[in-house]
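Undergrad: Residue numbers (the numbering used here): 4 to 259.
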Ligand SMILES: [Fe+2]
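1) Return yes when the Cβ of residue 196 is within less than 8 Å of the Cβ of residue 238, no when it is not.
2) Which partner residues of residue 81 appear in the DSSP bridge assignment?
3) Please confirm whether residue 94 and residue 122 have their CB atoms less than 8 Å apart.
4) Could you check if residue 71 is buried or exposed, using at least 16 other CB atoms within 10 Å of its CB as the buried criterion?
5) Confirm the yes/no value for this check: CB of residue 43, any heavy atom of ligand 1, distance under 7 Å.
6) Kindly indicate which residue of 90, 107 and 243 has the alpha-carbon position closest to the one of residue 128.
7) Which class does residue 255 belong to by DSSP, given the choice of helix, strand or coil?
8) Which residue wins for smallest C-alpha separation from residue 115, given the options 226, 86, 142 and 178?
9) Whole angstroms are fine: how far does the CA of residue 176 sit from the CA of residue 168?
10) CB of residue 53 to nearest heavy atom of ligand 1: below 7 Å?
11) Alpha carbons only, please: which of 210, 119, 124 and 109 is nearest the one belonging to residue 161?
12) Using alpha carbons as the reference points, say which of 220, 210 and 206 lies closest to residue 38.
13) CA-CA distance, residue 224 and residue 204?
14) I need the DSSP call for residue 202, collapsed to helix, strand or coil.
15) Output yes or no for whether 8 Å exceeds the beta carbon distance between residue 6 and residue 232.
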């Protein structure tokens, strides 16, 4: 499996405090059957994104773990004006493995219409925005049509593995499953922060997705699509979206 959203590097944000903890997370990833991890430190009002330090920490961790796990860097990119300015200056440092997929996180309390324009601007910079964990955003949970519109306009969606297993509560869980059923989800990632409440685990979520939607869908969300994002390639599995709201649902969904 390939994890494109993970806070595994030490001392950069609210992820692990030191290299020992990072190593524990890396070992946990290997034990899960994860082969590639993208370290995506926050860039937001609280944590400054320093690409040189990010690269240095990645290098240190890679040397410790050897070739049992492939590490790359990206950013948990909070969509705000300061970050957009930084993106215009030099986008690659924020992108997954310095190609063209960019994780985009929205504010939890307000997503004004200007954010739609910001997503478009990111695309005009030649990047492919990946909306991170919309199922954990209370605003987006109530704005499903807006999310679907972004996907129709070429954005991608990543849900958090823990949402599927109920770690983030029933609301996030319900939307994560529903949006997979509706074809709105392209990638599942761990968004791990530590070894306790936010571990670097994907296997349990892979298994339940495989149980509900089959092997092909699970491989698409956990392996093939994230690997393509890692390599800056077109995603091989882009779900077909209904064009209009009144299009009959392709599949009834009975999990809950
Ligand atoms: Fe994150």
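Quick reminder that beta carbons are idealized off the backbone N, C-alpha and C, glycines included.
TA: Checking against the coordinates, here is how it stands:
1) Here the question's residue 238 lines up with position 235 in the chain shown. Here the question's residue 196 lines up with position 193 in the chain shown. No, these two residues do not count as a Cβ contact at 8 Å.
2) Within the chain shown, the letter at position 78 stands for residue 81. Bridge partners of residue 81: 108.
3) Sequence index remark: in the chain shown, residue 94 carries index 91 (1-based). Sequence index remark: in the chain shown, residue 122 carries index 119 (1-based). Contact flag unset, no.
4) As a working note, residue 71 is residue 68 in the chain shown. That one is exposed.
5) On the chain shown, position 40 is the one that residue 43 refers to. Answer for residue 43: yes, Cβ within range of ligand 1.
6) Here residue 128 refers to the residue found at position 125 of the chain shown. Among 90, 107 and 243, the Cα nearest to that of residue 128 belongs to 90.
7) Along the chain shown, one-based indexing puts residue 255 at 252. Low local confidence applies: a pLDDT of 42 at residue 255 is under 50, so the model's placement there is unreliable, with the coordinate-based value given in what follows. If DSSP states are grouped into helix, strand and coil, residue 255 belongs with coil.
8) Residue 115 sits at position 112 when you count from the first residue of the chain shown. Considering only alpha carbons, the answer is 142.
9) Mapped onto the chain shown, residue 168 falls at position 165. Mapped onto the chain shown, residue 176 falls at position 173. Their backbone Cα atoms lie some 7 Å apart in a straight line.
10) On the chain shown, residue 53 is found 50 positions in, with the first residue counted as 1. False, no ligand heavy atom lies under 7 Å from that Cβ.
11) One-based indexing of the chain shown puts residue 161 at position 158. For residue 161, the nearest C-alpha among the options comes from 109.
12) Here residue 38 refers to the residue found at position 35 of the chain shown. The shortest C-alpha separation from residue 38 is found at 206.
13) Taking the first residue of the chain shown as 1, we reach residue 224 at position 221. Taking the first residue of the chain shown as 1, we reach residue 204 at position 201. For residue 224 and residue 204, the distance between alpha carbons rounds to 14 Å.
14) To locate residue 202, count along the chain shown from 1; it is residue 199. DSSP places residue 202 in coil when its eight states are reduced to three.
15) For the purposes of this step, residue 6 is identified with residue 3 of the chain shown, where counting begins at 1. For the purposes of this step, residue 232 is identified with residue 229 of the chain shown, where counting begins at 1. No, the pair does not count as a contact, with Cβ atoms beyond the cut-off.
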